[in-house]
Every structure is written in structure tokens, then in C-alpha cells.
Amino acid sequence: MKYSLVCVLFVVALQSAFAQQDSTAVYKKRVLETTEVDFLTSYYTQDGNNASVTGGIGDEHLTDFTPTIVLKMPLNADDVLTVDVGISAYTSASSSNLDPFDGSSGASDNGGSTIGSPWVASSGASKQDTWGSLSVDYSHSSDDRNRIVNGHVSFATEYDYTSIGFGGGYTMLFNEKNTEIGISGNIYLDTWSPRYPTELDSYLEAGNDLTAGFFNGVDILNQSGNIIDKFGAAGTIWTPQSSTGLIDDTSRNSYALSLSFSQIVSKNSQFSVFLDIVSQQGWLGNPLQRVYFGDVDNYYIGNASSISNYTSSSNTDVFQLADDIERLPDSRLKIPIGFRYNHYINEIVTLRTYYRYYYDDWGINSHTASIELPIKISEKFTLYPSYRYYSQTAADYFAPYEQNLSTSEFYTSDYDLSEFNANQYGIGASYTDIFAKWHIWKLGLKSIDLKYNNYKRNTGLNANIISVGFKFVMD
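Position 244 of the sequence shown, counted from 1, bears residue number 301 in the working numbering, the numbering being contiguous throughout.
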């Protein structure tokens with residue numbers, strides 16, 4: 058919220074300065090007549106059984122609350138400044154199991170009784186986090202309003218990740234503004250502050266010594282539930298894939314070029330097409346996510362009698378030690394191409410459609426199709442039911458729990474990279490008052506939007522999203 062206060066004071070000062078500058082200018086229609094303020098928030102919750110932090114199985118319960126303020130301010134007749142400030146506060150059962158043993162009295166103090174489970178959320182620090190973002194966009198329109206240029210900068214951070222972005226775009230309208238062509242470019246320079254699964258991190262910190270640090274006094278079990286000899290020969294003790302290091306590159310850089318074309322084809326119809334080309338370089342895996350190999354022996358900490366029941370949600374007291382973290386190529390090319398078609402059927406009903414095809418060089422191909430049908434039920438109220446379908450192929454490097462091979466160069470059990478399809482059903486309602494008669498301080502309420510979506514994957518993930526938006530105009 059400190060960012061919000063600073064931004065509001067900054068833009069109000071700019072508004073005052075430009076207002077004085079405009080007082081002697083020749084009148085022309087402004088791009089934005091008055092300052093607009095959007096208060097947006099959403100609440101998201103999900104459940105599933107394929108947590109990537111625990112190797113493709115485990116509790117995926119997550120909640121996320123995201124309040125956002127968007128301030129759009131005319132600097133003069135041609136220029137608009139937009140400031141977007143948001144936070145995302147989430148709790149995650151999956152992320153909590155970065156350290157499944159956290160919340161106990163400490164591994165080395167438990168005398169071999171340390172327990173954890175992929176099906177039980179840990180109470181440790183990684184259970185919740187807050188993501189914050191700030192972006193500033195400046196746009197300038199030509200006198201004839203046929204050319205628009207914009208530039209923006211952004212910053213986002215959470216406990217293990219920081220992102221700095223910048224970019225700009227150019228839009229041209231012609232054919233009496235019936236045709237629009239746009240081009241934009243964006244660069245994001247991201248940096249990991251990596252956090253690792255606790256057993257891997259502790260193993261390296263202890264110099265590969267299973268009798269020191271975290272592992273001191275903690276029994277390690279084999280697949281049969283027998284306590285291993287920590288001084289045993291290779292092949293009889295737990296040894297992770299990497300014994301020298303985990304991440305060797307903490308950068309992740311993304312470069313995106315976007316092209317768009319929009320055409321009004323009649324007084325009732327409009328279509329647009331878009332193409333994005335995105336190149337990513339750096340560490341593209343997630344260091345939080347475990348991988349278990351199918352061609353090496355398994356080792357555990359916890360209750361031996363629960364090993365046979367490990368993949369069941371009834372397992373509450375044994376945890377399998379990771380073989381490695383997710384590893385993926387250090388480059389990725391993404392190319393989505395999409396199409397929109399909107400048709401005004403009559404004064405009550407409008408049709409909005411969307412289709413996107415996506416390709417990347419990791420082996421994922423996907424299709425997205427959606428339809429929305431706004432229904433105007435009165436002068437101020439509109440309902441808009443919607444449906445979205447999504448399907449994708451699996452990445453070349455994906456395999457479920459215990460099906461990756463240690464001989465592979467790249468591997469993941471993140472179900473976001475698996476083959477799946479999903480259906481999303483939504484219903485929304487909006488209230489619009491173009492005269493903004495209802496006020497809070499100097500802000501007139503222009504519109505309210507409320508929407509609910511239910512999302513289901515055929516892998517078992519189920520999510521619900523409620524979002525609310527309030528748009529105000531400043532007197």
C-alpha cells in the first residue's frame with residue numbers, strides 16, 4: 058500500500074501541473090476526459106491431487122486474494138498516464154511442502170520421529186507469500202487520433218523471484234478508423250532467489266553427509282521400511298542426482314513481439330487477429346519442484362508402515378526424499394496466434410468469440426476457444442454468461458510421479474506441462490451509470506462488474522474464481 062500512496066500523490070501532482078499548462082491551450086477533444094480509478098479484486102481457490110512441489114502427487118489446495126488499483130489520468134488532451142498497483146496474497150498446501158517437516162521441533166531434535174506428507178500442508182514459512190507489482194504506462198495520441206504510441210515499465214517481486222519489465226507499442230488507425238494495426242515489444246528481466254526442497258538443500262549444506270545438519274539423528278528408510286546404514290555403499294543409501302549444486306543460472310529473461318490487426322466489417326461486426334512471438338532464456342524450471350525417478354531406489358523419512366500407502370491421501374506421516382529438482386531447457390520459443398469476432402445481434406444480445414492456437418518448441422500445442430454472450434436486461438444492467446474450452450499436448454519433458462528417468466537431461470512432473478483439457482463456465486453481471494451519479498468523495502461510480510468462474514481439468518484440478526471491479530471517474 059506504500060506504493061499506492063506514492064503513486065497517487067505523484068499523479069495528482071502531475072495532473073495539477075498539466076491542468077495549468079492546458080488552461081491556455083486551444084480546445085480539442087481529449088483522449089480521456091477525466092481521471093478514472095479502477096478498484097479490482099479477485100478471490101481464487103483450487104483443489105487437486107498433482108502438486109508439482111511434491112513430484113506430481115499431493116495436495117494442491119491453494120487460495121489467492123488479489124486487490125488491484127488502476128489509476129488512469131489525462132495529462133493533457135493527447136497524453137494519458139496509467140499506474141497499476143497490485144498485490145497477491147496466497148496460501149498454498151503445495152508450496153508449504155517445500156519443507157514438509159517444518160512446524161515440528163526440528164529434524165535433528167526428533168530422535169528419528171520427523172514426519173511429513175505430500176497430502177498434509179506444512180505450517181512453515183513457505184505456506185504463504187505475497188506477490189506485489191507496480192507498472193506505469195504512458196501513451197500519446199496524435200492530433201487526428203489515428204496514431205498512438207505508448208511505453209511502460211513494471212516491477213514485480215515475491216519471496217523467491219523479482220521481475221523488471223519495460224516495453225512499448227505503436228498503433229495506427231486508418232480507413233476512417235475502421236481498421237487498426239498494432240505492434241508492441243516487451244522485455245522482462247527476471248531473477249531467481251532460489252528456494253529448494255529442504256532435503257536437497259540440507260544435503261548440500263552438510264557436504265553430502267547424511268549424519269550432519271538436518272539429517273543428524275533422523276532415520277532414513279528404504280522402500281521396505283528398513284532403516285538404512287548412512288555409511289553404506291552407493292546404491293544402498295539415498296543420493297540425490299546432483300551432489301554439487303542445484304541452480305547455476307538465476308536469470309530468466311523474456312522477449313516478446315506482438316502484432317495485431319482489427320477490422321470493423323459492418324455496423325454490427327468486428328474481428329481482430331493477433332500474433333505473439335516470445336523467446337525465453339535462462340533458468341526456466343522451478344527450483345521448488347521435486348522430481349522422482351522410476352529407475353532409482355526410493356528413500357523416505359517418517360512412518361515405515363505408511364510407505365505402501367504413499368500415493369494415497371490417507372498417508373499423513375511419511376515423506377519421500379527427492380531425487381532432484383525440475384530441470385528444463387534454458388531456452389523456449391512460444392508462438393500463439395489468435396482470432397476474435399464480435400457481433401452485435403440486437404439491442405439486447407451481443408456475441409463475443411475467441412480462438413487461440415499455441416505452439417512452443419517444448420512440444421506443447423494447445424487450443425483455446427471461448428464464447429461470451431452479454432445480455433442487456435435493462436438500461437443499466439447486463440448479464441454475460443461465458444464458456445471457455447482449453448486443451449494441450451504434453452511437453453516433451455513431462456512424466457508423472459516416478460516415471461521420469463535419471464538418464465534424461467530434462468525432466469518435470471509439473472501437471473501444467475502435462476496433456477490435459479479444461480472447461481470453464483462463467484456468469485457475470487455489470488452495472489453501468491454513464492452519468493456517475495453515486496459518489497464517494499470526488500469519485501463518481503461509473504460501473505460495477507461481478508463475475509464467477511468455475512474451472513475444471515480432466516486431471517482432477519478444480520478451481521473457483523470470484524472477481525469484482527469498481528470503476529470511478531473523478532469530478
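Every residue, glycine too, gets a C-beta built ideally from N, C-alpha and C.
| Check | Outcome |
| --- | --- |
| Validate contact between the segment 354-370 and the segment 282-296 using beta carbons, cut 8 Å, 3 pairs | yes |
| Contacting residues, own chain, Cβ-Cβ under 6 Å from Val193 (five flanking each side not counted) | Val140 and Val210 |
| 4-residue-minimum alpha helix (DSSP H) runs that sit fully inside the segment 131-204, ordered along the chain | 150-153 |
| For Ala361, the nearest candidate out of Asn283, Ile240 and Ala452 (CA to CA) | Asn283 |
| CB contact flag (Thr410, Arg397, <9 Å) | yes |
| Backbone secondary structure at Tyr367 - three-state DSSP | coil |
| Status (buried if at least 16 other CB within 10 Å, exposed otherwise) for Ile277 | buried |
| Helix, strand or coil at Ser448 according to DSSP, with G and I counted as helix | strand |
| Separation of Ala134 from Lys86, as counted between CA atoms | 7 Å |
| Thr469 burial status per 10 Å Cβ neighbour count (16 or more: buried) | buried |
| Counted within 10 angstroms of its Cβ, other Cβ atoms place Phe271 as buried (16 or more) or exposed | buried |
| According to DSSP, residues forming a beta bridge with Val406 | Ile432 |
| Start-to-end residues for the alpha helix (DSSP H) that takes in Thr219 | Thr219 -> not in any alpha helix (DSSP H); beta strand (DSSP E) instead, spanning Tyr218 to Phe231. |
| Of the residues Thr219, Ala263 and Thr91, the one placed nearest Trp188, counting alpha carbons only | Thr219 |
| Ser370 and Asn107 closer than 9 Å at C-beta | no |
| Cβ distance (whole Å) where Thr248 is taken to contact Ser174 below 8 Å | So it is not a contact: roughly 32 Å between Cβ atoms. |
| Phe350 versus Pro131, Gly289, Phe467 and Ser323, residue with shortest Cα-Cα distance | Phe467 |
| First through last residue of the alpha helix (DSSP H) which encompasses Ser259 | Thr255 to Glu262 |
| Cβ-Cβ distance between Val127 and Val94 below 9 Å | yes |
| Endpoints, beta strand (DSSP E) assigned at Asn480 | Phe477 to Thr489 |
| Distance, Gly501 Cα to Phe529 Cα | 5 Å |
| Collapsed DSSP secondary structure at Tyr472 in the structure displayed | helix |
| Range of the contiguous beta strand (DSSP E) that encloses Ser311 | Ser308 to Ile321 |
| Contact set for Ser317: own chain, Cβ-Cβ below 6 Å, skip 5 residues either direction | Gly239 and Phe331 |
| Between the CA atoms of Ser99 and Asn510 - distance to the nearest angstrom | 11 Å |
| Other residues of its chain near Asp418: CB distance less than 6 Å, five sequence neighbours each side excluded | Leu390 |
| Neighbour-count burial assignment, Ile523, 16 or more Cβ in a 10 Å radius | exposed |
| Cutoff 6 Å; reference Tyr312; Cβ partners in own chain excluding five residues on either side | Ile244 and Ser336 |
| Phe328 versus Gln280: straight-line alpha-carbon distance, rounded | 59 Å |
| Selection from Leu440, Met531, Pro254 and Gly359 that minimises the alpha carbon distance to Trp498 | Met531 |
| Cutoff 7 Å; reference Tyr533; Cβ partners in own chain excluding five residues on either side | Nothing about residue 533 can be reported from this structure: the residues present for the chain run from 58 to 532 only. |
| Rounded straight-line distance, which links the Cα of Thr171 to that of Gly208 | 53 Å |
| First through last residue of the beta strand (DSSP E) which encompasses Asn521 | Asn519 to Met531 |
| Per-residue DSSP class, three states only, for Phe272 | helix |
| Closest by C-alpha distance to Ala213, when choosing among Leu246, Lys234, Gly226 and Lys184 | Leu246 |
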